[in-house]
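Residue numbers (UniProt numbering): 1 to 420.
Each residue gets a CB set at the ideal place from its N, CA and C atoms; glycine is no exception.
Encoded structure:
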């Protein structure tokens, strides 16, 4: 896992998926043991029985776009519990070729479009990191032509767009905001994000509500495991509807990494690289952070000199539970590395394999009952073409999985897969 890169706000197409920003998951599951890092043995899931799914194409390249012209490509969609989808779409329309869209089950609405005025000044140019909640509130990262507020987080709700935070805006931690990453929103319209500020390149995790912006944890702040937080990594932050926020951070001077949860404003360690993985060997890295409403934390963990170099973990009451492991067989595939992970309230995690093929050819779901493929390259679509490659998937509490896919005729589309 690598440190969050400077943002280049372009639509995320099928080329090479990265670990998706964690989304808040809604629903119930067994509570996480809080206040101490899990330790001990892991649970090894039994093989799961095959589950039948219904594949539904939602939008396809070549279909009419609401802003004019026809769709050409789509970003990885966000999916809420109602089955609504938010995404960036490219079309042949001019001048607004890129647009933030919301699909609500009956039609598609354009929320923001390239070339249209941004509420913070200038006009929108490109978009990224589109997320939404069950209220159909949509948050996105946008870049504009404004000189100072050239980048920001924006909230689209009830037909209006408002800036949440923009570059050049004073930060409550000092200095001004210079960059943003990994926004997430919960059911109460609370937005959490990584923000970087001027003055030494300090970064932190912030929370935004209608009452303002609050720093939750900052680089330089003492870490409960010793040393000080340095920066925040893959998938940070993840939040739930109870106000808990999880994050992955590095610390100095020892150069360790850890998974933490803010409980009552205090960071509590879940697991660090100074601990052994359940299958042996010392943890070396964490990524793809996830958090459920019940407080269950999910993440990808890598371990050195272990019989399981990489695994997909969730927290139990006192132990880490491994839902999927590198080297195991699932639906005729050997699991390698895990990318694009997202959890729902039932602790089912949708994911893809990161190697050896840089373009994922299957979408999997891991649960305590086992791991299964939801859809694979070569499977037939409802219009008798065959899937060829997939973008990063999303999952909701109904078990629906949404993703962008390319078919053997080169056509891009957004699909929604539902358990029968």
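Quiz item: In its own chain, which residues sit with a C-beta less than 6 Å from the C-beta of residue 170, not counting the 5 before and 5 after it?
Solution: Answer for residue 170: 176, listed in chain order.
Quiz item: Going by C-alpha distance, which of 379, 363, 228 is nearest residue 391?
Solution: It is 363 whose Cα lies nearest to the Cα of residue 391.
Exercise. Apply the 10 Å Cβ neighbour rule to residue 408 and answer buried if 16 or more other Cβ atoms are within range, or exposed otherwise.
Key: Exposed is the call here.
Quiz item: My guess is that residue 173 and residue 117 are in contact by the Cβ rule of under 8 Å, so how many angstroms apart are they, rounded?
Solution: Cβ-Cβ separation between residue 173 and residue 117: approximately 30 Å, too far for a contact (criterion under 8 Å).
Quiz prompt | Bounding residues of the beta strand (DSSP E) (the contiguous stretch that carries residue 353) | solution = Residue 353: member of the beta strand (DSSP E) spanning 349-353, first to last residue.
Quiz item: Distance, Cα to Cα, residue 400 vs residue 133?
Solution: Distance between the alpha carbons of residue 400 and residue 133: 15 Å.
Quiz item: Buried or exposed: which applies to residue 270, given that a residue is buried once 16 or more other Cβ atoms fall within 10 Å of its Cβ?
Solution: Classification of residue 270: buried, given that the 10 Å Cβ count is 16 or more.
Quiz item: How would you write the range of the beta strand (DSSP E) that residue 267 sits in, first residue to last?
Solution: The continuous beta strand (DSSP E) containing residue 267 extends over residues 266-272.
Quiz item: According to DSSP, which residues form a beta bridge with residue 312?
Solution: The beta-bridge partner set that DSSP reports for residue 312 consists of 300, 324.
Self-check item: Pick from 157, 159, 150 that is closest to residue 165, judged by C-alpha positions
Solution: Across the set 157, 159, 150, the C-alpha of 150 shows the shortest separation from the C-alpha of residue 165.
Quiz item: Would residue 12 be called buried (16 or more neighbouring beta carbons within 10 Å of its own) or exposed?
Solution: Annotation note: pLDDT 34 at residue 12 (below 50); position unreliable, coordinate value reported separately. So residue 12 ends up on the buried side.
Self-check item: One or two residues paired with residue 147 in a DSSP bridge
Solution: Paired residue(s): none; residue 147 is not in a bridge.
Exercise. Would you be able to state if there are at least three C-beta pairs under 8 Å between the region 311-323 and the region 367-375?
Key: Put simply, the region 367-375 touches the region 311-323. At least three CB pairs are less than 8 Å apart.
Self-check item: Within 8 Å, strictly: CB atoms of residue 242 and residue 189
Solution: The answer is no: Cβ separation not under 8 Å.
Self-check item: Range covered by the beta strand (DSSP E) that runs through residue 113
Solution: First-last of the beta strand (DSSP E) with residue 113: 108-113.
Exercise. Let me know the secondary structure DSSP gives residue 239 once reduced to three states.
Key: Reduced to three states, the DSSP call for residue 239 is strand.
Practice problem: Give the DSSP-derived three-state secondary structure of residue 383 in the structure shown. | Solution: Coil, per DSSP.
Exercise. Just mark residue 307 as buried or exposed, buried being the case when its beta carbon has 16 or more other beta carbons within 10 Å.
Key: It is exposed - the Cβ of residue 307 has fewer than 16 other Cβ atoms within 10 Å.
Quiz item: How far does the beta strand (DSSP E) with residue 209 in it reach, from first residue to last?
Solution: For residue 209, the enclosing beta strand (DSSP E) begins and ends at 203-209.
Self-check item: Alpha-carbon to alpha-carbon, residue 283 and residue 205
Solution: If you take the alpha carbons of residue 205 and residue 283, they lie about 24 Å apart.
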